[in-house]
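A.B. asks:
In the UniProt record's numbering, the protein residues as written are 1 to 350.
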């Protein structure tokens with residue numbers, strides 16, 4: 001089934017005449033004292049008519065995250081706090097899912113800022129389409145000029161390819177979605193999150209759901225505000241590790257790597273070869289890196305329309321950082337990656 005498959009959408013009964021399924025929201029949390037209270041209150045203030053619980057899986061944080069979580073649980077009985085000793089995301093998700101009780105699982109992060117209709121839109125889309133997992137747009141929004149440049153890059157095809165959860169588009173079946181709202185039966189069918197995947201666990205999970213006959217559905221009705229990395233070093237680290245782990249998924253699940261994923265490493269190899277050739281006196285070799293730089297500048301001129309000048313001028317470097325670090329991460333991904341040791345208390349997984 002290709003990415004362009006569409007569901008036959010059936011109308012739902014009027015919200016006043018229907019029974020809404022109870023929903024469990026699960027959130028792995030580590031070092032989120034700055035964002036946790038706002039994230040939790042947005043979840044608890046959802047306009048969803050059915051029952052809702054929130055399970056927080058708290059990792060060994062070095063800040064006041066656990067204290068804040070306990071306070072939030074004391075204030076609202078819908079909040080349940082469980083321990084995630086490893087602090088890693090897939091383990092935290094599995095622990096939270098096991099501690100939850102309802103048939104619909106909404107996966108969020110400690111810095112997720114959900115609009116008030118997010119859960120309602122997820123459940124309605126799931127019931128309209130029969131999908132096993134539904135998700136929406138990762139709406140990157142920056143505050144500083146650098147963050148605004150990253151946000152624009154993360155919502156452009158030049159920056160991230162044609163993934164609808166980044167760039168938007170029509171509702172329909174896709175390979176993966178951002179975060180996701182799952183049927184518990186689908187999670188049970190595939191055995192939950194694979195805990196060896198420190199990163200890329202969402203893509204890997206959705207692949208197994210699709211392999212088991214399930215369906216993943218994107219809808220632009222669901223939007224989650226995402227804050228980009230605040231500086232170039234953090235952005236490079238993020239994309240380097242994303243590239244490394246995407247190759248782990250490719251090794252684990254043969255046939256899942258297409259041109260979208262191979263383009264960055266191919267570009268890195270080509271530019272490196274061009275630089276080496278140029279350094280050894282073959283001047284046409286410089287055409288490759290120079291051409292890439294020119295393409296990024298031209299692309300920024302198009303994609304950066306409407307950005308403040310301070311953000312626009314950073315856009316070519318942001319594009320290049322995302323592409324090159326992702327490609328280098330992919331190329332240098334070690335075969336042993338996929339068997340991480342538990343993190344130490346206070347350690348942050350970037």
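Backbone N, C-alpha and C fix where the C-beta goes; we use that ideal spot for every residue, glycine too.
#1: Express the C-alpha separation of residue 121 and residue 173 in angstroms, rounding to a whole number.
#2: Leaving out five residues on either side along the sequence, give the residues of the same chain with a beta carbon under 6 Å from the beta carbon of residue 347.
#3: Does DSSP put residue 18 in a helix, in a strand, or in coil?
#4: On the CB-based measure, 16 or more other CB atoms within 10 Å of its CB, does residue 19 come out buried or exposed?
#5: Between the segment 322-340 and the segment 253-268, do three or more beta carbon pairs fall short of 8 Å?
#6: Runs of 3 residues minimum, wholly inside the segment 193-281: which ones carry the beta strand (DSSP E) assignment?
#7: My understanding is that residue 249 touches residue 175, with C-beta atoms under 8 Å, so please give their C-beta distance in whole angstroms.
#8: Which partner residues of residue 165 appear in the DSSP bridge assignment?
#9: On a CA-only basis, which of 134, 135, 27 is nearest residue 66? Give me that one, please.
#10: Taking all protein chains shown into account, do 16 or more other C-beta atoms lie within 10 angstroms of the C-beta of residue 279, making it buried, or fewer, making it exposed?
#11: Would a C-beta distance cut-off of 8 Å place residue 218 and residue 135 closer than the cut-off?
#12: Output yes or no for whether 8 Å exceeds the beta carbon distance between residue 21 and residue 103.
#13: I need the DSSP call for residue 133, collapsed to helix, strand or coil.
#14: Under the rule that 16 or more other beta-carbon atoms within 10 Å means buried, what is residue 31, buried or exposed?
#15: Tell me, to the nearest whole angstrom, how far the beta carbon of residue 108 is from that of residue 43; I am working on the premise that it is less than 8 Å.
#16: Pair every Cβ in the segment 301-313 with every Cβ in the segment 143-155, then say whether three or more of these pairs are closer than 8 Å.
#17: Can you tell me the Cβ-Cβ gap for residue 240 and residue 328, rounded? I've got them flagged as a contact below 8 Å.
#18: Drop a sphere of 10 angstroms on the beta-carbon of residue 52, count the other beta-carbons inside from all chains shown, and report buried for 16 or more, exposed for fewer.
#19: Assuming residue 89 and residue 201 are in contact, meaning their beta carbons sit under 8 Å apart, how far apart are those beta carbons, in whole angstroms?
#20: Classify residue 350: buried if its beta carbon has 16 or more other beta carbons within 10 angstroms, exposed otherwise.
#21: Is the beta carbon of residue 178 less than 8 Å from the beta carbon of residue 138?
#22: Measuring CB to CB, does residue 81 end up less than 8 Å from residue 114?
#23: How many Å lie between residue 283 and residue 270 at the Cα?
#24: I'd like to confirm the pairing. Which residues does DSSP put opposite residue 24 in its beta bridges?
#25: Using the C-alpha atoms, what's the distance from residue 33 back to residue 316?
#26: Which ranges would you report for the alpha helix (DSSP H) in the segment 26-97 if only whole runs of at least 4 residues count?
#27: Smallest Cα separation from residue 25: which of 95, 87, 71, 334?
#28: Return the first residue and the last residue of the beta strand (DSSP E) that residue 180 is part of.
#29: In the segment 302-335, which residue ranges form an unbroken alpha helix (DSSP H) of at least 4 residues, counting only runs that do not cross its ends?
#30: Mapping the DSSP letters down to three states, classify residue 124 as helix, strand or coil.
#31: For residue 158, report the span of its alpha helix (DSSP H) as first-last.
#32: Looking at the unbroken alpha helix (DSSP H) that takes in residue 115, where does it start and where does it end?
#33: Please report the residue range of the alpha helix (DSSP H) in which residue 145 lies.
#34: Could you tell me if the beta carbon of residue 252 falls within a distance shorter than 7 Å of some heavy atom in the ligand FMN?
#35: Comparing alpha-carbon positions, which option in 77, 243, 133 lies nearest residue 374?
#36: Under the assumption that residue 39 contacts residue 112 (Cβ atoms under 8 Å), give the Cβ distance between them as a whole number of angstroms.
C.D. replies: Straight from the coordinates:
#1: 16 Å
#2: Below a pLDDT of 50, predicted positions are generally treated as unreliable, and residue 347, at 44, falls in that range; the measurement from the model is reported next regardless. Nothing meets the Cβ criterion.
#3: coil
#4: exposed
#5: yes
#6: 216-226
#7: Actually they are not in contact, since the Cβ atoms of residue 249 and residue 175 sit about 11 Å apart, beyond 8 Å.
#8: Paired residues: none, contrary to the question.
#9: 27
#10: exposed
#11: yes
#12: yes
#13: strand
#14: buried
#15: 7 Å
#16: yes
#17: 6 Å
#18: buried
#19: 6 Å
#20: Low confidence applies here, because residue 350 scores a pLDDT of 39, under 50, leaving its location unreliable; read the following figure in that light. Classification for residue 350: exposed.
#21: yes
#22: no
#23: 15 Å
#24: 53, 105
#25: 33 Å
#26: 36-44, 65-75
#27: 95
#28: 178-183
#29: 309-312, 315-331
#30: helix
#31: 157-160
#32: Where residue 115 is concerned, there is no enclosing alpha helix (DSSP H), given that its DSSP letter is neither H nor E.
#33: 145-154
#34: Within the structure as shown, the ligand FMN is missing, as the structure has no ligands at all.
#35: Residue 374 falls outside the range modelled here, since the chain spans only 1 to 350, and no answer is possible.
#36: 6 Å
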